[in-house]
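This note's numbering numbers the first residue of the sequence shown as 41 and each following residue consecutively.
Note that CB positions come from ideal geometry on N, CA and C, so glycine has one too.
In what follows, a structure is listed as structure tokens, so that the remarks can point back to it.
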Amino acid sequence: QCQFGMDTLSWARLGANVTGVDFSDKSIKLANEINDRLKLPAKFICSNVYDLPDVLDEEFDIVFTSYGVLCWLPDIEQWAKIVSKYLKKGGTFFISEFHPFLWIFDDENTSKLEYKYPYFYGKDPLHYKAEYTYTEQEKSLENIDGYNWQHTFGTIITSLIQAGLKIQEIKEYPHTYFQQFPFMEEKEKGVWTFKNDKYNLPLVFSIKAVKE
41 QCQFGMDTLS
51 WARLGANVTG
61 VDFSDKSIKL
71 ANEINDRLKL
81 PAKFICSNVY
91 DLPDVLDEEF
101 DIVFTSYGVL
111 CWLPDIEQWA
121 KIVSKYLKKG
131 GTFFISEFHP
141 FLWIFDDENT
151 SKLEYKYPYF
161 YGKDPLHYKA
171 EYTYTEQEKS
181 LENIDGYNWQ
191 HTFGTIITSL
201 IQAGLKIQEI
211 KEYPHTYFQQ
221 FPFMEEKEKG
231 VWTFKNDKYN
241 LPLVFSIKAV
251 KE
């Protein structure tokens with residue numbers, strides 16, 4: 041879930057010994073190449089996050105999850121158990137992620153927010169078609185089928201609690217870090233809000249929890 045390791049390596053540049061995980065062998069290969077050039081204290085593992093206990097037997101002071109991760113996971117309860125497994129006693133889990141409320145709207149509407157997808161979607165994934173990725177590549181995709189899972193805010197929080205973590209802090213923010221809708225504006229570099237504050241909605245959330 042670290043993709044090619046930019047967030048992971050940013051921790052390493054601050055002096056942390058870090059481990060990044062992603063199921064894409066191409067992403068992990070690139071992450072290792074970048075790390076080798078920078079000579080940072082990082083290692084990368086190619087694994088489905090649910091299968092990680094088969095290939096990694098360590099505990100960590102911090103487990104960190106950032107933007108655009110949860111929507112790819114079908115089982116949020118099992119994910120929370122994996123988080124807890126890899127935390128040392130007294131260790132901290134921190135997630136900063138796009139708010140699940142954000143995903144109910146039609147992101148192809150160019151003029152206003154319009155309800156399109158259910159918030160309570162259940163266990164089945166949302167199937168969609170996309171010719172391009174969220175990156176700025178001009179090359180279209182060969183396989184245009186995509187699948188995302190919707191996890192409610194309550195489900196995310198409850199899963200962490202049931203996995204044995206103690207929630208210390210929950211925050212919600214009225215900004216995000218990409219232009220999801222055409223009628224957003226960049227208030228400062230990399231920070232996007234609705235133009236003229238037209239919609240006062242939670243766009244990003246963060247949770248801090250500890251393993252006691």
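CA-CA distance, L241 to T132, rounds to 28 Å. As DSSP reads the structure, A203 sits in no beta bridge. Residue burial is scored here from C-beta neighbours: I210 has fewer than 16 other C-beta atoms within 10 angstroms and is therefore classed as exposed. The way I'd put it, the region 183-197 does touch the region 129-143; three or more beta-carbon pairs between them come closer than 8 Å. Going by DSSP, L70 is part of the alpha helix (DSSP H) stretching over 65-78. L113 and K238 have their C-alpha atoms spaced approximately 32 Å apart. Non-local C-beta neighbours of K83 in its own chain, meaning closer than 7 Å and more than five positions away in sequence, comprise T59, ordered along the chain. If you look at K121, you'll find it isn't in any beta strand (DSSP E); it sits in the alpha helix (DSSP H) that goes 116-125. L153 places its beta carbon less than 8 Å from that of F145. One alpha carbon belongs to T216, the other to E228, and they sit about 11 Å apart.
DSSP places L166 inside the beta strand (DSSP E), whose first and last residues are 166-169. Taking N75 as reference, the option from D94, V89, L49, G55 with the minimal CA-CA separation is L49. Between I122 and V95, the gap from beta carbon to beta carbon reaches 8 Å or more. Taking C-beta atoms under 8 Å as the contact rule, D147 and F221 qualify, at a distance of about 6 Å. Per DSSP, reduced to three states, the secondary structure at C86 is strand.
Cβ atoms of K169 and D185 come within 8 Å of each other, at about 6 Å.
Bounds of the beta strand (DSSP E) holding S246 are 244-251. The residues A52, N57, in chain order, have a CB closer than 6 Å to that of P81 in the same chain once the five nearest residues on each side in sequence are set aside. Secondary structure at K156: coil, using DSSP grouped into helix, strand and coil. Sequence-distant partners of F234 (beyond 5 residues in either direction) whose C-beta falls short of 7 Å from its own C-beta, in its chain, are F223, M224. A distance below 6 Å between beta-carbons, with the five flanking residues on each side excluded, links W232 to the following residues of its chain, in chain order: T216, Q219, M224, E226. Sequence-distant partners of C86 (beyond 5 residues in either direction) whose C-beta falls short of 6 Å from its own C-beta, in its chain, are D65, I68.
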